[in-house]
Structure formats: structure tokens, C-alpha cells
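**Q** First, the structure itself, so that you have it in front of you.
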Amino acid sequence: MTRFADKTAIVTGAASGIGAATARRLSGEGANVMLVDADAGGLNRVAADLPAERTRTLAGDISREDVNARVVADACETFGGVNILVPNAGIAVKGTIGDLPTEDFRRVIETNLFGTHLAMKHAWSALRTRHGCVVVTDSVSGIRGDWGAFAYNTSKGAITNLVRATALDYRTHGVRVNAVAPGFTRTGMTADHVDDPDYLADMLPRIPMGRAGEAEEVAAAIAWLASDDASFVNGVILPVDGGTTASNGQPPLG
């Protein structure tokens, strides 16, 4: 399939997990890809498996304005423009409002929320030129709350309405803005839990499909939202969660 031939995608947080899976998916369907992450080694490992002539990497902190400006400039110089932006980079820390150090809270907000904002801000002109699209990696935590992760919840809740507000504000600019909201997914961020039998015994009954998601399943949803097949989809937060957000939290009856 080559539905992204001659199109260019920027993917942040591309060194692992959903970002790496998205880079592989979009590249596999013909896209030029600009991969961004603070982990230079991880970026190089992902890029090594992709066509060299259609792949570029930039190692940097996406919470910094200059890094985002450079990403877009490099993509435009190398590939001629930007069609697809996937602000995916994110971090999570445990803690409640009473015990989480302010610096940790600030770090989550700067990476998750400001990183998304800055990526969109600096890519906007290039996206408008090509009538492109934005697909943000949000989370079910941006739709419903979690225990013990209030900083992450706060950042993702803000991203949910950032997506909606931007889709409305720029409705006539020819740029669609959507998000995926993954549920419990097998990535580096969940590595402490996905193979822990005790944790899974508690978690999996809360997921109607009874299993963790895979990064490739989220990447498939991102690719659909980025494609012309979703040309009339705008301002949507698409759960990719095995039915988690369909539940009111009660256990199965029988």
C-alpha cells in the first residue's frame, strides 16, 4: 500500500513504542518520515530499518521551541514540506498532588502539553500549504481519570481540548486535527506492568477485550486518521483501548 507516497510525516517520540510503530507504518505506506526524539540511539535503531532516502532523524527535546522550529525547517528543506504531524512524545510519573514534586509536574506538562503545542505551532504554516493533518497521541487518561498519575492525567486532559479547540479554530484552513487515545498498551512506558501477573490480574478484567493493546494497533489508527479515508473526520479523540472507555467501571455481570 502506498497511500502516503510523496507525503512527508513528522513523528515525535519516534525512538520507541507507539512513535516507532507509527514511523514504520507511515514509511511502509510510502511516506517520507522525519523522526524526532531525545534518544538519539533509539532513533538510529528505528531509522536503520527504514528506507534511507525517505528517512531523517533529529535528536532533541521537543519541549524546546528551537528544536520544533528546526524539525519543521529540516523537513521542509529535505522533503519540500509537511503533510502529516504526529505529536506523540510523552512521559509519565507516578504521584498525587500532595506528594509529587513541582519539578516533576512541570516536566510532564512541558513534555506532553508544551511539546504538542510547539510541534503544532511550528508545523502549522507548512501543514496549511499542503492541506495536511495532525494526529496527536492522547490517552484514555485524557478522557477519564487514573489513580496516582495526576500530572499525566492533567497533561492529557489538556491535550484533549487542545485538539478540539484547534480543529474548531482552524476549520477553514484545510488542516484536520484529531487524536488517538490509547488504553493499556504494550510499550516501554508500561514495561513494568505488561508482564506482571499480579498487575494483569487486576487490569485485564477492566478491558472488555481482555488484553493489552499493541503499539502497531495504535499506529494503524493513526495512519487511518492521517489518510484521505478520514477526510471528513476532524476534532475527534479516537479511543484505541479495547473498549475500556465504553465501560462505566462496573465488573461484568455473569
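Going by full-length UniProt numbering, the sequence shown opens with residue 1, and the numbers climb by one from there.
Built from N, CA and C at the ideal position, the CB exists for glycine as well.
Note that the structure is a prediction, hence the values are computed from the model and not measured.
(1) According to DSSP, is His195 part of a helix, a strand, or is it coil?
(2) So which of Met1, Ala15 and Ser27 has the shortest CA-CA distance to Ala9?
(3) Determine the extent of the alpha helix (DSSP H) in which Arg57 is found, giving its start and end residues.
(4) By Cβ distance below 6 Å, which residues in the same chain neighbour Asp241 in space, the five residues on each side in sequence not counted?
(5) What is the DSSP secondary structure of Ile91, reduced to helix, strand or coil?
(6) Would you call the region 137-152 in contact with the region 196-203, where contact means no fewer than 3 C-beta pairs closer than 8 Å?
(7) Starting from the C-beta of Ala38, find all residues in its chain whose C-beta is less than 7 Å away, skip the five residues before and the five after it, and write them out in chain order.
(8) With C-beta atoms as the reference, is Asn161 less than 8 Å away from Leu238?
(9) For the region 94-176, which segments carrying the alpha helix (DSSP H) assignment without a break, of at least 4 residues, lie completely within its bounds, in sequence order?
(10) I need the straight-line Cα distance from Ala52 to Arg186, nearest angstrom please.
(11) In its own chain, which residues sit with a C-beta less than 8 Å from the C-beta of Val218, not counting the 5 before and 5 after it?
**A** In this structure, then:
(1) Checking the sequence, you will find Asp at residue 195 rather than His. For Asp195, the secondary structure class from DSSP, reduced to helix, strand or coil, is coil.
(2) Of all alpha-carbon atoms in Met1, Ala15 and Ser27, the one lying nearest the alpha-carbon of Ala9 is that of Ser27.
(3) The sequence shown places Thr at residue 57, rather than the Arg named in the question. Counting along the chain, Thr57 falls outside any alpha helix (DSSP H), though it belongs to the beta strand (DSSP E) covering Thr55 to Ala59.
(4) The residues are Val140 and Gly183.
(5) Look at Ile91 here: in three-state DSSP terms it is coil, with no helix or strand label.
(6) These segments do not touch.
(7) Answer for Ala38: Ala59, Gly60 and Asp61, listed in chain order.
(8) No, they are not a contact pair.
(9) Whole alpha helix (DSSP H) segments, 4+ residues: 102-108, 115-129 and 150-169.
(10) Rounded to whole angstroms, Ala52 to Arg186 spans 27 Å at the Cα level.
(11) Taken in chain order, the residues that qualify are Ile18, Ala21, Thr22, Thr137, Val180, Pro182, Thr185 and Val240.
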